[in-house]
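Final position of the sequence shown in the working numbering is 1407; the numbers increase by one with none missing. Backbone N, C-alpha and C fix where the C-beta goes; we use that ideal spot for every residue, glycine too. This report concerns only the one structure given below.
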Amino acid sequence: MELRVLRYFLMVVQEQNISQAAERLHVSQPTVSRQLKDLEEELDTTLFVRGNRTIQLTADGEYFAHQAKQILSLTDKTLANIHQEADISGSVYIGSAEARSMLTVAQAIGHLNTQHPHVSIHLVSMDAADIHRELMAGVFDFGVVMEPIDKSDYDFCRLPGESRWGLLVQNSSPLAQQATVSLADVASSRLILPQQGGDKRIHDLFGFTSDELTVVATYNLLYNASLLVSAGVGNALGLDGIINTNQSDLTFVPLEPRISSGSSLVWLKGQRLSAAAQALLDQVRWELAPTD
C-alpha cells in the first residue's frame, strides 16, 4: 500500500466522484479507478458503493478513510520535521482544552516564532480523551489538559493560573442577578455539562452524582454550549474566561464555594520530540521559570 494511493483514495472521498478526483490529482480517470480497485483487493473489502453520479463510503470505507487521514497527517508531519534547514523548522501539533492558561503556551509560541520563524504550530481544540488518543497515535506532540486528570502516560509541566467554575446563564435568568451561584443553584438547574471526565469528574469536583442532576445536554467546547444556553436549553456548567459575555445575552456567574481547575502541558513519556517540538517545550519552560 503506497502513500500515493492513500492520497488518491482520500481525494475520491472528498470529491465523491472519480472523474473529478482524477482532474484534481492531474491523472487519468482510469488510473484512479484501477488504483482504487487494487486497494480494495489488497484490503479484501469494499470501500465504496458506486452510484450513477457519486460514490459513497461503506462502513469499512469510513473507517479506512479515518485511518488514512491519520497516516498521511503523521507522514507529512514527520517529513516536515526531518527536512530541516540549519535554522530549526518543522511542524508542531497541539491538542488543547479551552483554558485561560493556554495563554502561557501562546506566549511561548510567539517568542519561538520570533527566534525560529520556520516552525509552524497547528492547534486543535478538543477534550482530554481525544487529546490522549491523538498523542498515543503520534499525531500530536503536546496536549493542554484540564485538571484533575490521570497523567500516568505523560510527562508534563503545570501551567500557571486557574479558572473558576460557574454557570453560564441567560441575562434574563434570575441567577444572572446574583454575584455567585451555590451548589444548590447548580443542582436545581437544567444543566449542560462538560463531557471531559464524565460523571466521575463532576462527582470529584462538585460532589454530585448524575442521578442528583437534571442533565439536558453535554459539550466538549464551551462555545457550542453557549449557543445552547442562548437558545434556552439550559445553564452550562463551565470555566470562567472562555466565553466573552460582553455585549451578549449571557452572563457567567461564579460558584461559591470557589472551585477552580488548573491545566498542564503534557506529552507522552519516553517520546523523542522533534527539534521543533523540543524548541517549543524549552520555550514554555523558559516562560515558566521564576524571575529574580
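Beta-carbon spacing of residue i, residue j below 9 angstroms
{"i": "Ala1340", "j": "Ile1317", "result": "no"}
{"i": "Leu1354", "j": "Ala1243", "result": "no"}
{"i": "Ser1216", "j": "Val1259", "result": "yes"}
{"i": "Leu1388", "j": "Leu1396", "result": "yes"}
{"i": "Asn1335", "j": "Met1241", "result": "yes"}
{"i": "Glu1402", "j": "Ser1297", "result": "no"}
{"i": "Ile1209", "j": "Asp1256", "result": "yes"}
{"i": "Asp1364", "j": "Ser1345", "result": "yes"}
{"i": "Leu1283", "j": "Asn1350", "result": "yes"}
{"i": "Leu1187", "j": "Leu1121", "result": "yes"}
{"i": "Glu1155", "j": "Phe1163", "result": "yes"}
{"i": "Gln1285", "j": "Gly1347", "result": "yes"}
Closest by C-alpha distance to residue i, when choosing among the options
{"i": "Leu1337", "options": "Thr1190, Gly1281 and Asp1326", "result": "Gly1281"}
{"i": "Ile1236", "options": "Tyr1123, Arg1273, Leu1403 and Ala1392", "result": "Ala1392"}
{"i": "Ala1394", "options": "Ile1203, Gly1253, Ser1375 and Arg1373", "result": "Ile1203"}
{"i": "Phe1321", "options": "Asp1300, Ile1358 and Tyr1334", "result": "Asp1300"}
{"i": "Val1128", "options": "Ser1148, Ser1143, Glu1117 and Met1116", "result": "Ser1148"}
{"i": "Arg1165", "options": "Lys1152, Asp1159, Leu1158 and Glu1157", "result": "Lys1152"}
{"i": "Pro1289", "options": "Val1368, Gln1144 and Leu1125", "result": "Val1368"}
{"i": "Gln1150", "options": "Asn1167, Leu1125 and Thr1169", "result": "Leu1125"}
{"i": "Ser1378", "options": "Ile1264, Thr1193 and Val1399", "result": "Ile1264"}
{"i": "Phe1271", "options": "Ser1325, Leu1380, Gly1210 and Arg1400", "result": "Leu1380"}
{"i": "Glu1327", "options": "Tyr1123, Ala1302 and Val1239", "result": "Ala1302"}
{"i": "Leu1189", "options": "Tyr1269, Gln1230, Gly1253 and Phe1163", "result": "Gly1253"}
{"i": "Val1239", "options": "Gln1230, His1231, Ser1211 and Gly1347", "result": "Ser1211"}
{"i": "Leu1274", "options": "Val1348, Ser1143 and Ala1404", "result": "Ala1404"}
{"i": "Glu1277", "options": "Thr1366, Ile1357 and Asn1286", "result": "Ile1357"}
{"i": "Tyr1178", "options": "Gly1347, Thr1169, Leu1158 and Lys1192", "result": "Leu1158"}
{"i": "Ala1294", "options": "Lys1192, Thr1366 and Gln1311", "result": "Thr1366"}
{"i": "Asn1167", "options": "Gln1144, Ala1183, Asn1132 and His1141", "result": "Asn1132"}
{"i": "Gln1182", "options": "Ala1332, Leu1118 and Leu1342", "result": "Leu1118"}
Close-in-space but distant-in-sequence residues of the same chain around residue i (CB under 7 angstroms, 5 per side omitted)
{"i": "Thr1160", "result": "Asp1175"}
{"i": "Glu1130", "result": "Ala1136 and Arg1139"}
{"i": "Ala1201", "result": "Note that Ala1201 scores 49 on pLDDT, short of 50, meaning its location in the model is unreliable and no value can be drawn from it."}
Beta-carbon proximity list for residue i, same chain, < 6 angstroms, skipping 5 on both sides
{"i": "Asp1245", "result": "none"}
{"i": "Asn1359", "result": "none"}
{"i": "Glu1262", "result": "Ser1376 and Gly1377"}
{"i": "Thr1146", "result": "none"}
{"i": "Phe1323", "result": "Ile1317"}
Residues near residue i by beta carbon distance below 8 angstroms, same chain, minus five either side
{"i": "Ile1374", "result": "Arg1279, Trp1280, Leu1320 and Phe1321"}
{"i": "Val1399", "result": "Thr1219, Val1220, Ala1223, Cys1272 and Leu1380"}
Could you tell me whether the region 1165-1185 touches the region 1135-1145, using the rule of 3 or more Cβ pairs below 8 angstroms? no
Which whole runs of the beta strand (DSSP E) in the region 1159-1225 are 3 residues long or more, in chain order? 1163-1165, 1170-1172 and 1205-1211
Quick one: any contact between the region 1244-1251 and the region 1292-1308, if contact means 3 or more CB pairs under 8 angstroms? no
Just list the alpha helix (DSSP H) runs in the region 1225-1265, keeping only unbroken ones of 4 residues or longer that don't cross its boundaries, in chain order. 1243-1251
Those runs of the beta strand (DSSP E) which lie wholly inside the region 1303-1341 and span at least 3 residues: 1305-1309 and 1329-1334
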